[in-house]
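Protein chains in written order, with this note's numbering: chain A, 15 to 576; chain B, 452 to 646.
Note sheet for the following structure.
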Amino acid sequence: MDMYDFIQIALYLLLLVALVPLLGGYMARVFEGESFFGKPGFTALEKSIYRVARINNKVPMNWKEYTFSVMVFNAMGILFLFLIQVFQNDLPMNLEGLSGVSIPLAFNTAVSFVTNTNWQSYSGEITLSPLVQTLGLTVQNFVSAATGMAVLLVLIRGIRNKTTQEVGNFWEDLTRSVVYILLPLSLVFALFLVTQGVVQTFLPNLPIATLEGVHQVIPRGMIASQEAIKQLGTNGGGYFGINSCHPFENPTPLSNFAEMLAILLIPASLTYTFGKMTGNLRQGWVLFAAMFVMFVTGLAIMLYAEYSVNAFGATSLMEGKEMRFGITNSILWSSATTCASNGSVNAMISSLSPLSGMVSMLNMMLGEIIFGGVGAGLYGMLVFVILTVFISGLMVGRTPEFMGKKIEAFEIKMAIIAVLAPNFVILVFSAITVMYPPALTSLGNTGAHGFSEILYAFSSAAGNNGSAFAGLNANTDFFNWMLGTGILIGRFGVILPVLAISGSLSVKKKTPPSSGTLSTDNGLFVFLLIAVVITVGALTFFPALSLGPIIEHLQMLTGKTF
Amino acid sequence: MRTQFFIALKLFFSMTLLTGVIYPLVVTGIAQGFFAKEANGSLITKENVVIGSELIGQAFDTAIYFNSRPSASGYSSMPSGASNLSVTSEKLKRQIIERKSLFLMNNRLPQSVVVPSDMLFASGSGLDPHISVSAAKLQINRIATARHLTSDEGVQLTQCVDQMVESRQWFLLGEPRVNVLLLNLMIDNRFKSKK
Chain A
15 MDMYDFIQIA LYLLLLVALV PLLGGYMARV FEGESFFGKP GFTALEKSIY RVARINNKVP
75 MNWKEYTFSV MVFNAMGILF LFLIQVFQND LPMNLEGLSG VSIPLAFNTA VSFVTNTNWQ
135 SYSGEITLSP LVQTLGLTVQ NFVSAATGMA VLLVLIRGIR NKTTQEVGNF WEDLTRSVVY
195 ILLPLSLVFA LFLVTQGVVQ TFLPNLPIAT LEGVHQVIPR GMIASQEAIK QLGTNGGGYF
255 GINSCHPFEN PTPLSNFAEM LAILLIPASL TYTFGKMTGN LRQGWVLFAA MFVMFVTGLA
315 IMLYAEYSVN AFGATSLMEG KEMRFGITNS ILWSSATTCA SNGSVNAMIS SLSPLSGMVS
375 MLNMMLGEII FGGVGAGLYG MLVFVILTVF ISGLMVGRTP EFMGKKIEAF EIKMAIIAVL
435 APNFVILVFS AITVMYPPAL TSLGNTGAHG FSEILYAFSS AAGNNGSAFA GLNANTDFFN
495 WMLGTGILIG RFGVILPVLA ISGSLSVKKK TPPSSGTLST DNGLFVFLLI AVVITVGALT
555 FFPALSLGPI IEHLQMLTGK TF
Chain B
452 MRTQFFIALK LFFSMTLLTG VIYPLVVTGI AQGFFAKEAN GSLITKENVV IGSELIGQAF
512 DTAIYFNSRP SASGYSSMPS GASNLSVTSE KLKRQIIERK SLFLMNNRLP QSVVVPSDML
572 FASGSGLDPH ISVSAAKLQI NRIATARHLT SDEGVQLTQC VDQMVESRQW FLLGEPRVNV
632 LLLNLMIDNR FKSKK
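Below is the structure:
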């Protein structure tokens, strides 16, 4: 590593920290309905949507009504996306004459995009028509992120409410997230990406003869508009199979830097929104600090591993990496994308050094709470906060409380379900897969790395990340069904308990802090929170990791190959 | 329940209209209006025929051109791809040994020369348009010989490479690199008769 590497990393981290209060403060204003410059324009758009859909956004919902609305809206999204894929050959804008998508793949893709996972078993450029890409996938990129924010808002209201059942209106939360936040950010970002060379056109693919006279196809489409929301909404599903390695998704070092920043921008800023909306900014920064410390630690380990790898005697390990990004930017991206449940890639994670691959996997296994998905990361982290106040309450004999709300048996039960559901998917589904011989024909590498491919796939599905050790051919009926199911459990196995916790907290009294209250907005709590997250993650996954990346690292050191 | 269902349906289609139709159309409109070249793929034409995109790498295997990085998909873009091989892969190990000796042999370099790692490892996209500066410089002698250049022209060739080095964006971001297609077009232009 040289000076430039350190400066780029420092600049990235500094900009992130600087943008958190700006965007976080703006989002708080949006959700509180406060005024700000330029608001009337947005409000007109918001109101027109309510008129078209005949929504009365002033009617508050209790948590059960809210949950029902979330589920109906998501179910509708899955059904619609499924149908337009299966029948894409009968629909317009099928420029390349592609056939309908098979049922298992359409199920997997529909579930994957509606849940903000954006796992892709296919390569977009040869599987999906521009109609499906924009009318189907781009839409879900927006509303799946908005769903995450909505669920977070319910939890915030649950925490600050005093003995009321009202947790907000899902239609309003969803609409505002899209209209005021995701859409304007994406519009600006998409146009910026075009200036760097990301394609945005109605023109079809262009077949050419290269300088040496070889046939090549210049792939085209409405890429920038999808790329922008893909990064901002922690979606990660690329227009191309090869994602942000592709020069038309990520053409320059500057586009790369901006796209990396976009990965963490909203999830990180939401910690500030949380602080603002609960009236305790310190608490927001404490949550940010816990995430930041884990992010930087993981990043440091990955950089160390990547720069000290034994790459068959070559000066550096450039397999699966782009020349314009180099090692440092590839690692920074890989770290951010796995922390944030984004899942886009600018280098092939499968070809990283074994320990870098392990940290990427662990980032997802910890529950996608190091910044995590839009909304999803923070509500996931708050589940760990509940566990932490409970565990530390047990240790020091204090009543578990968080921001004036007593944490009781129901909340703990729900928190445990939310932690166990994705972990169950990762370990049990991986175990089933390795015992099912036909599935193993999908492996792209043998030895320990082959096991890592499977473990990574289910970690990615359960954490709603969507990145892959892409040597694995996941476009088989078995993997499409298994991963699709895992994605559903990983998403709604967390959303449902979180909504239940919110409903339960909402009806509780606010108890003023007493001498017996464990303070949750100081440095000690940052430490306790990280300790609980790491302990749960390590205890659950160390055995599995030692069969995959850890053993592979040792084999690499001895020069063993498979 | 029924009303919730219909609200969901109507909101879903409003959102589809807003984010799936209006949003991409607005972006496309502005992009085509102000940045048409970039938005249509940064195409390069030679004698009025499109011969590629400056962002999409092409395979260059002949001796008279600067060679591109190895690509797992052979610079095909439908779809493009990476090897996804790991550092404990026997296949990757063999590829590295083979590419190393091939690079040294083609460029008539002694065994002691360190081959830049971008020429040993395949890229992520399979369409990487760039190679490292050192990878370009190590190929200069071979190209000069293959094109029967005089020693004066050889110096010019080196100048071409220096001219085409893209430094870090904003003096800071990314890595210094050379765009292979643009460089090859330049030398084709400069040394027309000697192809």
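Even for Gly, the Cβ is constructed at its ideal location relative to N, Cα and C.
These numbers were taken from a predicted model, which means no experiment stands behind them.
Residues of chain A with CB closer than 9 Å to the CB of residue i, please, in chain order.
{"i": "His581 (chain B)", "result": "Glu336, Met337, Arg338"}
{"i": "Gly484 (chain B)", "result": "Chain A residues near Gly484 (chain B): none, gap ~10 Å exceeds 9 Å."}
{"i": "Val612 (chain B)", "result": "Within 9 Å Cβ-Cβ: nothing; Val612 (chain B) doesn't reach chain A, min ~15 Å."}
Taking its Cβ as the centre, do 16 or more other Cβ atoms sit within 10 Å of residue i, making it buried, or is it exposed?
{"i": "Glu241 (chain A)", "result": "buried"}
{"i": "Arg598 (chain B)", "result": "buried"}
{"i": "Asp441 (chain B)", "result": "Outside the displayed span of chain B (452 to 646) sits residue 441 (chain B), for which this structure offers no information."}
{"i": "Leu401 (chain A)", "result": "buried"}
{"i": "Val410 (chain A)", "result": "exposed"}
{"i": "Arg628 (chain B)", "result": "buried"}
{"i": "Val125 (chain A)", "result": "buried"}
{"i": "Thr152 (chain A)", "result": "buried"}
{"i": "Gln245 (chain A)", "result": "buried"}
{"i": "Met17 (chain A)", "result": "exposed"}
{"i": "Met41 (chain A)", "result": "buried"}
{"i": "Phe156 (chain A)", "result": "buried"}
Please list, in chain order, the chain B residues whose beta carbon lies closer than 7 Å to that of residue i.
{"i": "Ile564 (chain A)", "result": "Residues of chain B passing the Cβ test: none, with the nearest at roughly 12 Å."}
{"i": "Thr575 (chain A)", "result": "Thr539, Ser540, Glu541, Lys544"}
{"i": "Asn459 (chain A)", "result": "Leu536, Ser537, Ser540"}
{"i": "Leu618 (chain A)", "result": "Only positions 15 to 576 of chain A appear in the structure, and residue 618 (chain A) is not among them; the question remains open."}
{"i": "Ser520 (chain A)", "result": "Correct list: empty, because the minimum Cβ distance to chain B is about 20 Å."}
{"i": "Met362 (chain A)", "result": "Ala533, Asn535, Gly575"}
{"i": "Met570 (chain A)", "result": "Val538, Thr539"}
Below 8 Å on C-beta distance, what does residue i contact in chain A?
{"i": "Val565 (chain B)", "result": "Thr329"}
{"i": "Asp569 (chain B)", "result": "Met332, Met337"}
{"i": "Ala573 (chain B)", "result": "Glu333, Gly334"}
{"i": "Leu553 (chain B)", "result": "Per Cβ cutoff of 8 Å: no residues; Leu553 (chain B) is ~14 Å from chain A at best."}
The ligand MN and residue i: does the residue's C-beta get closer than 7 Å to at least one heavy atom of that ligand?
{"i": "Ile400 (chain A)", "result": "In terms of ligand content, the structure shown is empty, and the ligand MN therefore cannot be addressed."}
Could you tell me which chain B residues have their CB closer than 9 Å to the CB of residue i, listed as they occur along the chain?
{"i": "Ile21 (chain A)", "result": "Leu623"}
{"i": "Phe82 (chain A)", "result": "Met452, Gln455"}
{"i": "Leu205 (chain A)", "result": "Val478, Ile481, Ala482, Phe485, Phe486"}
{"i": "Val192 (chain A)", "result": "Met466, Leu469, Thr470"}
{"i": "Ala325 (chain A)", "result": "Val538, Ile547, Ser568, Leu571, Phe572"}
{"i": "Ser137 (chain A)", "result": "Met529, Pro530, Ser531, Gly532"}
For residue i, which residues in chain B fall below 8 Å Cβ to Cβ?
{"i": "Gly250 (chain A)", "result": "None at all; the shortest Cβ gap to chain B is about 15 Å."}
{"i": "Ser239 (chain A)", "result": "Tyr474, Pro475, Val478, Thr479"}
{"i": "Pro368 (chain A)", "result": "Ser537, Val538, Thr539"}
So which residues of chain A does residue i contact, with C-beta pairs closer than 7 Å?
{"i": "Glu489 (chain B)", "result": "Val208, Thr209, Gly211"}
{"i": "Lys461 (chain B)", "result": "Val66, Ala67, Arg68"}
*Mind listing which residues of the segment 140–165 of chain A have their C-beta closer than 7 Å to chain B's C-betas, in chain order?*
Ile140, Thr148, Leu149, Thr152, Val153, Phe156, Val157
*Mind checking the segment 209–237 of chain A against chain B and listing, in chain order, the residues whose C-beta falls within less than 9 Å of any C-beta there?*
Thr209, Gln210, Gly211, Val212, Val213, Gln214, Thr215, Phe216, Leu217, Asn219, Leu220, Ile222, Ala223, Thr224, Leu225, Glu226, Val228, His229, Gln230, Val231, Ile232, Pro233, Arg234, Met236
*In chain order, each alpha helix (DSSP H) run of at least 4 residues that lies wholly inside the segment 454–510 of chain A*: 462–476
*Every unbroken alpha helix (DSSP H) inside the segment 17–64 of chain A [4 residues or more]*: 17–46
*Can you give, in chain order, each stretch of the beta strand (DSSP E) that sits fully within the segment 185–242 of chain A and has at least 3 residues?*
220–223, 229–232
*Please specify which runs of the alpha helix (DSSP H), each continuous and at least 4 residues long, are wholly inside the segment 145–180 of chain A, giving them in chain order.*
153–174
*Which of the residues in the segment 496–509 of chain B, read from start to end, lie with their CB under 9 Å from any CB of chain A?*
Lys497, Val500, Val501, Ile502, Gly503, Ser504, Glu505, Leu506, Ile507, Gly508, Gln509
_Taking beta-carbon pairs under 7 Å, can you tell me which members of the segment 342–353 of chain A lie near chain B?_
Asn343
*Report the residues of the segment 254–280 of chain A with a CB closer than 8 Å to any CB of chain B, ordered along the chain.*
Phe254, Gly255, Ile256, Cys259, His260, Pro261, Phe262, Pro265, Thr266, Pro267, Leu268, Asn270, Phe271
_Touching by the beta-carbon criterion (3+ pairs, under 8 Å), the segment 555–574 of chain B and the segment 584–596 of chain B_ = yes
*Run through the segment 473–560 of chain B for me and flag every whole alpha helix (DSSP H) of 4 or more residues, listed as ranges in chain order.*
474–485, 487–490, 541–557
*Runs of alpha helix (DSSP H) wholly within the segment 280–347 of chain A (minimum 4 residues, chain order)*: 295–321
*Closer than 7 Å, Cβ to Cβ, to anything on chain B: give me those residues from the segment 51–70 of chain A, in chain order.*
Ile63, Val66, Ala67, Arg68, Ile69
*Between the segment 53–71 of chain A and the segment 182–201 of chain A, are three or more C-beta pairs nearer than 8 Å?*
yes
_With three or more beta-carbon pairs closer than 8 Å as the criterion, would you say the segment 111–126 of chain A touches the segment 139–147 of chain A?_
yes
*Counting pairs of beta carbons, one from the segment 381–399 of chain A and one from the segment 270–288 of chain A, are three or more of them closer than 8 Å?*
yes
*Given a limit of 8 Å on CB to CB distance, which residues of the segment 176–188 of chain A reach chain B?*
Trp185, Leu188
*Decide yes or no for the touch test of the segment 371–388 of chain A against the segment 340–357 of chain A: beta carbon pairs closer than 8 Å, at least 3 of them.*
yes
_Taking beta-carbon pairs under 8 Å, can you tell me which members of the segment 512–534 of chain B lie near chain A?_
Asp512, Thr513, Tyr516, Arg520, Tyr526, Ser527, Ser528, Met529, Pro530, Ser531, Gly532, Ala533, Ser534
*Entirely within the segment 375–416 of chain A and at least 4 residues each: give me those alpha helix (DSSP H) ranges in chain order.*
390–410
_Stretch-stretch touch, CB-based, cutoff 8 Å, three pairs: the segment 474–487 of chain A with the segment 92–100 of chain A_ = no
*With 8 Å as the C-beta to C-beta threshold (strictly closer), list the residues of the segment 84–111 of chain A near chain B in chain order.*
Val86, Phe87, Met90, Gly91, Phe94
*Mind the definition here: the segment 412–420 of chain A touches the segment 446–453 of chain A only if three or more C-beta pairs lie below 8 Å; say whether that holds.*
no
_Using a Cβ distance threshold of 8 Å, determine whether the segment 202–221 of chain A contacts the segment 162–177 of chain A, with at least three qualifying pairs required._
no
*Scan the segment 582–634 of chain B and note each continuous alpha helix (DSSP H) run of 4 residues or more that stays entirely inside, going in chain order.*
584–588, 591–597, 602–615
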